[in-house]
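All you need for our numbering is the position in the sequence shown, starting with 1, plus 489. No residue lacks a Cβ here, since even glycine has one placed at the ideal position from N, Cα and C. Nothing here was measured: the structure is a model prediction, and the numbers come from that model.
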Amino acid sequence: MPQFDVTTFSSQIFWLVIAFAIVFAVAWRVALPRLNELNETRQRRVGTDLKRATVLKADADAALAAYERELGEARARAQEEMRRAVEKAAAEGQRRMTELSGRLAVDADAAANRIAGAREQALGTLDSVAQDLAGVAAQRLGGNAPDGDRIAAAVRSVRQAGGA
Numbered sequence: 490m491p492q493f494d495v496t497t498f499s500s501q502i503f504w505l506v507i508a509f510a511i512v513f514a515v516a517w518r519v520a521l522p523r524l525n526e527l528n529e530t531r532q533r534r535v536g537t538d539l540k541r542a543t544v545l546k547a548d549a550d551a552a553l554a555a556y557e558r559e560l561g562e563a564r565a566r567a568q569e570e571m572r573r574a575v576e577k578a579a580a581e582g583q584r585r586m587t588e589l590s591g592r593l594a595v596d597a598d599a600a601a602n603r604i605a606g607a608r609e610q611a612l613g614t615l616d617s618v619a620q621d622l623a624g625v626a627a628q629r630l631g632g633n634a635p636d637g638d639r640i641a642a643a644v645r646s647v648r649q650a651g652g653a
């Protein structure tokens, strides 16, 4: 194999150095500047993206704070509305209860008056029924009918004595 021939080592080393120098020169003048430019572009893009991300994060934090503030205010308004609605409902319930109590009191008074009237009417009728009954009983027991004034006086005295 010619690569292992010791007599050609010096020319092989020479061409190796020439090839390395050409590759180094091309890399140094062409590839490395392009790579360096790509790296700088990438660094600028990363820096720009980081700045933009920082700005966006600050905007998002501000939006979140505004959202939470609005949410808190909305909750406070809702609680206030709920409190007002409960107070209004309680006041309305109290008003209706008072109104109903008044109507029931009026109805109870009217019913008591009707009952008292019916009682008086029943008691008035009771006197005449008692007088008729006493007259019939006295006639059957004694054979003759007593005087109506005497029967009325007897019924009144019995009613007053009995507390009726």
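Residue i (DSSP reduced to helix, strand or coil)
{"i": "residue 491", "result": "helix"}
{"i": "residue 636", "result": "coil"}
Integer-rounded CB distance, given that residue j should sit under 8 Å from residue i
{"i": "residue 634", "j": "residue 624", "result": "6 Å"}
contact_flag[the stretch 610 to 621, the stretch 637 to 645] where n(CB pairs < 8 Å) is 3 or more | Output reads yes: the stretch 637 to 645 touches the stretch 610 to 621.
Could I get the ranges of all uninterrupted beta strand (DSSP E) runs contained in the stretch 540 to 616, with 3 residues as the minimum, in chain order?
-> The stretch 540 to 616 contains no whole beta strand (DSSP E) run of 3 or more residues.
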